[in-house]
Amino acid sequence: MSTQKIRVAVAGASGRMGREVVKMVLEDESLQLVAAVAPSAGPIDAGLFAGKPETGVTVSATLEEALSSSKADVLVDFTIPHMAYGHTKTAIEFGVRPIMGTTGFTPEQIEELDELCQEKGIGGLIAPNFSIGAILMMKFAAEASKYLPHVEIIEYHGDQKLDAPSGTSIKTAELISQARQELRQGNPHEEEVIEGARGGYYNGFRIHSVRLPGVFAQQEVVFGGHGQTLKIRHDSYDRAGYMPGVNVAVKKVMTYSGLIYGFEHIMD
Ligand SMILES: NC(=O)c1ccc[n+]([C@@H]2O[C@H](COP(=O)([O-])OP(=O)(O)OC[C@H]3O[C@@H](n4cnc5c(N)ncnc54)[C@H](O)[C@@H]3O)[C@@H](O)[C@H]2O)c1
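Under my numbering, the first residue of the sequence shown is numbered 24, with each subsequent residue one higher.
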C-alpha cells in the first residue's frame with residue numbers, strides 16, 4: 024500500500040537554512056519537494072541548492088507564483104523577518120500549512136493568523152527555534168525562574184542577523200514571565216550612562232543581544248540568588264541541527280488545525 028507523500032514548498036530555498044531544508048526534504052522518501060522560492064532566482068532547479076540537480080522543481084521568484092501551481096501541502100519558510108507575516112498569510116490563503124522558522128511576529132499577528140488557519144481548517148506552526156536542546160534550555164529556564172526569579176538573558180548571533188533580540192530570546196522571556204512571580208529587577212535609581220547598556224527591557228528583566236562575526240547561535244540565561252548564580256546555556260554549531268525538528272514539524276502540521284506558536288508544543 025503506498026501512502027501519499029507530503030508536498031513541500033520551501034521559501035528562502037537559496038539561503039543557508041533553506042538549503043538545509045531542501046536537502047532534508049529530498050532525502051526523506053515520505054516528502055516531495057514541489058516548489059522553491061528565492062528572490063530573482065530565475066529558472067534554476069531547486070535541487071542545485073542541495074547539490075542534487077534533477078529534482079524537476081523550478082525556483083520561483085515569489086511565493087504566490089510558487090503556490091499557485093504546486094498544490095503544496097506545507098510551506099517551510101526561512102526568509103527574513105520583514106516577509107514573515109505576509110508569507111504566512113499568503114500560504115494560508117492558498118490552503119497551504121505554514122511552518123515558519125523566520126521570526127518577527129507580533130502577538131496580535133499570531134492571534135490573527137491562528138484564526139485564519141482555523142477558518143481554513145489547516146494547521147500551522149511558528150517556531151523561533153527548531154533545535155531540541157534550545158527548547159529544553161527554554162523549559163529549564165522557565166522552571167528555574169520560579170525559584171531564582173532574578174534573571175537576565177544574553178543571546179549571541181552572527182553580525183548579519185537582522186532582528187534583535189532573537190526570536191528564541193523573546194520566546195524564552197515569554198515562558199519565564201508565565202512561570203515566575205512578577206518582579207521588576209535592579210535598582211530603581213539605576214541610570215544608563217551609555218544608552219542601551221542594560222539591554223532590552225522585558226517584563227521586569229533584561230535581554231542582551233551580542234552580534235559578532237564567527238558566532239552562530241547561542242543563548243545563556245543567567246539567574247542570580249543569594250551568594251550564587253545559575254547559568255543555563257545552549258550552543259548551536261550547525262544549521263543541520265535544526266532539521267530533525269523541521270522534519271517532525273512538516274509531518275505533525277498535517278494532523279491538527281490552528282496555528283501553534285513554539286516547537287515545544289508538538290515535539291513529543
Ligand atoms: N527557527 C529556527 O530554528 C531558526 C534557525 C536559524 C535561523 N532562523 C531564521 O531563519 C531566517 C533565515 O536564516 P538564514 O541563516 O537562512 O538566512 P539567509 O540570509 O542565509 O537566508 C535568507 C534567505 O531568504 C531569501 N529571501 C529574502 N527575501 C525573500 C522573499 N521575499 N522571498 C523569498 N525568499 C526571500 C534570501 O534570498 C535568502 O536566501 C532568519 O530569519 C533566521 O533568524 C530560524
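Backbone N, C-alpha and C fix where the C-beta goes; we use that ideal spot for every residue, glycine too.
Enumerate in chain order the residues of its own chain whose CB-to-CB distance from residue i is below 7 Å, with the five nearest sequence positions on each side excluded.
i      : result
Asn273 : One point to set straight first is that residue 273 is Val, not Asn, in the sequence displayed. Correct list, in chain order: Ile29, Val31, Leu54, Val97, Val99 and Ile122.
Ser192 : Ile176, Glu178, Ile230 and Gln242
Taking only the alpha-carbon atoms, compute the straight-line gap between residue i and residue j and give it to the nearest angstrom.
i      : j      : result
Leu282 : Arg120 : 9 Å
Asp182 : Thr26  : 44 Å
Ala36  : Ala61  : 6 Å
Lys184 : Arg234 : 8 Å
Gly154 : Pro188 : According to the sequence as given, residue 154 is Ser; it is not Gly. So the alpha carbons of these two residues sit roughly 18 Å apart.
Phe239 : Tyr179 : 7 Å
Leu71  : Leu49  : 11 Å
Val216 : Arg39  : 38 Å
Ala202 : Ala84  : 43 Å
Look up residue i in the DSSP assignment and say whether it is helix, strand or coil.
i      : result
Asp137 : helix
Arg229 : strand
Ile176 : strand
For residue i, which residues of its own chain have a beta-carbon under 6 Å away from its beta-carbon, when the five flanking residues on both sides are left out?
i      : result
Asp137 : Gly281 and Leu282
Gly147 : Arg120, Pro121, Cys140 and Leu282
Any beta carbon of chain D sitting closer than 9 Å to that of residue i?
i      : result
Gln183 : Protein chain content of the structure displayed is limited to a single chain, and chain D is not contained in it.
Whose C-beta lies closer than 8 Å to the C-beta of residue i among residues of the same chain, with five residues either side of it excluded?
i      : result
Glu287 : Ile158, Met161 and Lys162
Arg256 : Met160, Gln241, Gln242, Glu243 and Val244
Asp68  : Pro76, Glu77, Thr78, Gly79, Val80, Thr81 and Val82
Ser93  : Arg30, Ala32, Val57 and Ala58
Could you tell me if the beta carbon of residue i falls within a distance shorter than 8 Å of some heavy atom in ligand 1?
i      : result
His299 : The chain is shown only over 24 to 291; residue 299 falls outside these bounds and no answer can be derived.
Lys184 : yes
Thr126 : yes
Gly268 : yes
Gly35  : yes
Ser189 : yes
Val60  : yes
His110 : yes
- [ ] Assess, as a yes-or-no matter, whether the region 262–270 is touched by the region 218–236 under the definition of 3 or more beta carbon pairs within less than 8 Å.
- [x] no
Open item on the list: Can you confirm whether the region 99–111 touches the region 246–260 when touching is taken to mean that 3 or more C-beta pairs between the two stretches lie within less than 8 Å?
Closed with: no
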